[in-house]
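Take the sequence shown: its position 199, counted from the start at 1, is 205 in this note's numbering, and no numbers get skipped. Built from N, CA and C at the ideal position, the CB exists for glycine as well. Presented below is the structure to which this report refers.
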Amino acid sequence: MSEKIEESQQKGNLEVVEAEHHEHADEISPELEALLKTDPKHGLTAAEAAERLVRFGPNELAEVKRNPFLKFLGYFTGAIAYLIEVACIISAVVEDWLDFGIILALLIVNACIGFIEEAKAESALDALRQTLALKTRCWRDGHLVELDVNVLVPGDIIVLRLGDIIPADGRLLGIGATGEATEGDLLIDQSALTGESLPVAKNKGKTVYSSSIVKQGQQMAVVTKTG
């Protein structure tokens, strides 16, 4: 009897398995890789940082404002839109008003859907901009300084600690904030980017991504990508 009860309990229990995290290797060109050999205990010089800022641009998401009316009209252009418009004109010429109305409605509905979807995407991008860090700790000219994140460049050495919003994509160096080697993992909440419900453990050589949040640990990283 007890065996039957145990069997029924096993069947009744649902096992929840967390989706396995797969780390994707960051693609870095050989030219950019050569710029990532910065001395972790010294950082870039002011001259190097200034040259790279000109070369790569500021570490910020580009914001382009377009006229909403012109944006909406843009959905009436393109190969498919032109075909529908030709069909609409032909229907009007032959005075087939039923087809004319259906085709015209299809054209307008298609434009409205595209306009709304683009507006949603822009809202998501604006929300992402709001999550970006404003300041970060970075090694420059042998000193640990606090910088605006928009002046970070590839090759900068940044310090990541508990609670920090990661200011740019970077590669963990396996070195603590004060320069000592560390074997401890950094727990990163990157749910806003990947949808993963649990923080991800990352160690030396792994990539951390901009706008992710450090949930545990402290470590230095070299900036690999900005903007």
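Check: VAL229 beta carbon less than 8 Å from that of ASP170; Outcome: no
Check: Run of the alpha helix (DSSP H) containing ARG61, from where it starts to where it stops; Outcome: 52 to 62
Check: N-terminal and C-terminal residue of the alpha helix (DSSP H) that LYS77 is part of; Outcome: 74 to 79
Check: Best match in THR188, SER217, LEU199, GLN222 for proximity to GLY211 [C-alpha to C-alpha]; Outcome: THR188
Check: Coil, strand or helix - VAL99 by DSSP; Outcome: helix
Check: Buried/exposed call for PRO173, threshold 16 Cβ in 10 Å; Outcome: buried
Check: Closest by C-alpha distance to LEU193, when choosing among VAL99, GLU152, GLN222, MET226; Outcome: GLN222
Check: For GLY233 and TYR279, the rounded distance between their alpha carbons; Outcome: There is no way to answer for residue 279, as the model of the chain reaches only from 7 to 233.
Check: Beta-carbon contacts of GLY18 that lie in its chain and below 8 Å, excluding the five residues immediately before and after; Outcome: Reliability fails at GLY18, whose pLDDT of 48 lies under 50, so the model's placement of it is uncertain and the value that follows must be treated cautiously. Cβ within range, chain order: n/a, list empty.
Check: Closest by C-alpha distance to GLU186, when choosing among GLN196, ALA198, VAL165; Outcome: VAL165
Check: Contact under 8 Å by Cβ, ILE163 with GLN225; Outcome: no
Check: Contact set for GLY190: own chain, Cβ-Cβ below 7 Å, skip 5 residues either direction; Outcome: GLY223
Check: LEU150, enclosing beta strand (DSSP E) - first and last residue; Outcome: 149 to 154
Check: Paired residues, beta bridge with ILE122 - DSSP; Outcome: DSSP lists no partner for ILE122.
Check: Delimiting residues of the alpha helix (DSSP H) encompassing ALA227; Outcome: ALA227 -> not in any alpha helix (DSSP H); beta strand (DSSP E) instead, spanning 225 to 231.
Check: Cβ pair GLY161, LEU42 closer than 8 Å; Outcome: yes
Check: Close-in-space but distant-in-sequence residues of the same chain around VAL155 (CB under 6 Å, 5 per side omitted); Outcome: ASN65, ALA139, THR142, PRO173
Check: Backbone secondary structure at GLN15 - three-state DSSP; Outcome: At GLN15 the pLDDT is 45, less than 50, meaning the model places this residue with poor confidence and gives no usable figure here.
Check: As assigned by DSSP and simplified to three states, the class of GLY182; Outcome: coil
Check: Same chain, Cβ closer than 6 Å to LEU104, five either side skipped, listed in chain order; Outcome: none
Check: Cβ-based burial, LEU79 [other Cβ within 10 Å; buried from 16]; Outcome: exposed
Check: Simplified DSSP state of GLY4, which is helix, strand or coil; Outcome: A query on residue 4 cannot be resolved here, the shown segment of the chain reaching from 7 to 233 and no further.
Check: First and last residue of the uninterrupted alpha helix (DSSP H) at ALA187; Outcome: That residue, ALA187, is in no alpha helix (DSSP H); it is neither H nor E in DSSP.
Check: Endpoints, the alpha helix (DSSP H) within which THR200 is located; Outcome: 197 to 200
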